[in-house]
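Here's the structure we're looking at; comments come further down.
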Ligand code: TRP
């Protein structure tokens with residue numbers, strides 16, 4: 464593992480609906496832990512990236528607050544981490560323009576998201592110029608904006624999901640082109656993928672996903688949370704029958720919230736027999752509750768006081784703008800602008 468003490472951890476999150484515990488375990492918790500360990504850290508809400516999809520002012524505003532409140536409630540330390548809206552850093556957009564001039568069009572043609580959109584059009588029987596049907600320039604140049612996000616504050620380590628690795632590699636390519644032409648100005652980042660989590664099962668044992676409707680939201684009141692956990696689908700084995708914990712949704716979820724001792728106890732209870740599904744669900748509820756009861760309160764409090772969220776994000780933007788402005792100044796000087 465890289466020496467986190469020397470890294471500037473940076474990542475962006477698109478404004479979306481409130482997270483479920485799969486998002487929490489797989490992305491939010493590890494990113495917050497990484498940010499806490501790093502020398503310094505930047506975390507922003509990628510609202511201009513979201514504009515490609517969200518075409519409703521109220522929705523964009525609302526999702527931005529939901530995501531800000533989520534990360535803060537789950538323990539992001541806004542004193543240490545610069546936490547801001549992408550749209551509050553105008554330098555990012557000027558940097559995007561400069562980077563566009565050194566980015567080969569062919570590189571963008573290879574981006575997964577763009578290729579997927581083209582493939583979808585092919586499948587729908589479109590041909591020729593129609594292959595670009597429904598694809599806007601924001602989607603096409605998405606990787607350049609993302610490169611500017613990362614390069615502006617000089618992020619060195621970028622925690623991302625697997626689907627975003629290519630974008631960080633493109634950031635390196637783009638920064639490399641700029642440096643090759645104008646000198647050693649930009650800092651090439653590395654990506655960082657959290658390996659160990661695996662897929663988190665939802666209530667029905669399939670991958671937890673909002674679109675399958677099998678998810679457990681992070682923020683809920685305790686009664687609703689308990690009710691939902693009691694709905695986890697199991698087979699009809701009796702409490703005294705031995706069960707395989709590795710094929711068991713309750714145990715798999717429990718592993719992410721319980722201590723090692725608690726985990727071992729549930730495991731042996733299932734293996735030997737004696738651990739019934741009802742009792743296991745109660746234990747799971749208690750472990751999740753221990754982790755998320757307080758954050759759920761903080762989340763509600765924050766959303767009831769959006770001014771406080773604005774103030775925090777503005778403070779983060781001040782810090783991010785400072786570094787972004789310094790980078791932009793170096794870039795402008797290198798290309799021959801005043
Ligand atoms: N593209 C990322 C996503 O879809 C969000 C993002 C935007 C990002 N800019 C970034 C992530 C910079 C890391 C670094 O999840």
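In my numbering, the protein residues as written are 464 to 801. Quick reminder that beta carbons are idealized off the backbone N, C-alpha and C, glycines included. Predicted model, so just to flag it, every value in this text is computed and none were measured.
Residue i versus residue j: straight-line alpha-carbon distance, rounded
i, j, result
"residue 595", "residue 751", "45 angstroms"
"residue 609", "residue 588", "31 angstroms"
"residue 781", "residue 719", "36 angstroms"
"residue 771", "residue 707", "47 angstroms"
"residue 688", "residue 679", "8 angstroms"
"residue 783", "residue 764", "26 angstroms"
"residue 447", "residue 713", "In the structure displayed, the chain extends from 464 to 801; residue 447 sits before or after that span and is not available."
"residue 554", "residue 673", "35 angstroms"
"residue 633", "residue 757", "39 angstroms"
"residue 743", "residue 593", "54 angstroms"
"residue 700", "residue 681", "29 angstroms"
"residue 725", "residue 711", "16 angstroms"
"residue 786", "residue 505", "11 angstroms"
"residue 517", "residue 524", "10 angstroms"
Bridge-paired residues (DSSP) for residue i
i, result
"residue 471", "503"
"residue 653", "620"
"residue 508", "476 and 548"
"residue 680", "483"
"residue 758", "BP columns for residue 758 are empty, so no partner."
"residue 664", "670"
As assigned by DSSP and simplified to three states, the class of residue i
i, result
"residue 545", "strand"
"residue 553", "helix"
"residue 670", "strand"
"residue 567", "coil"
"residue 482", "coil"
"residue 572", "helix"
"residue 631", "helix"
"residue 647", "coil"
"residue 596", "coil"
Residue j beta carbon less than 8 angstroms from that of residue i
i, j, result
"residue 549", "residue 503", "no"
"residue 637", "residue 797", "no"
"residue 696", "residue 663", "no"
"residue 470", "residue 501", "yes"
"residue 631", "residue 652", "yes"
"residue 717", "residue 746", "yes"
"residue 510", "residue 482", "no"
"residue 526", "residue 480", "yes"
Any non-hydrogen atom of the ligand TRP within 7 angstroms of residue i CB
i, result
"residue 629", "no"
"residue 796", "no"
"residue 529", "no"
"residue 582", "no"
"residue 778", "no"
"residue 475", "yes"
"residue 612", "yes"
"residue 623", "yes"
"residue 683", "no"
"residue 536", "no"
"residue 615", "no"
"residue 501", "no"
"residue 609", "yes"
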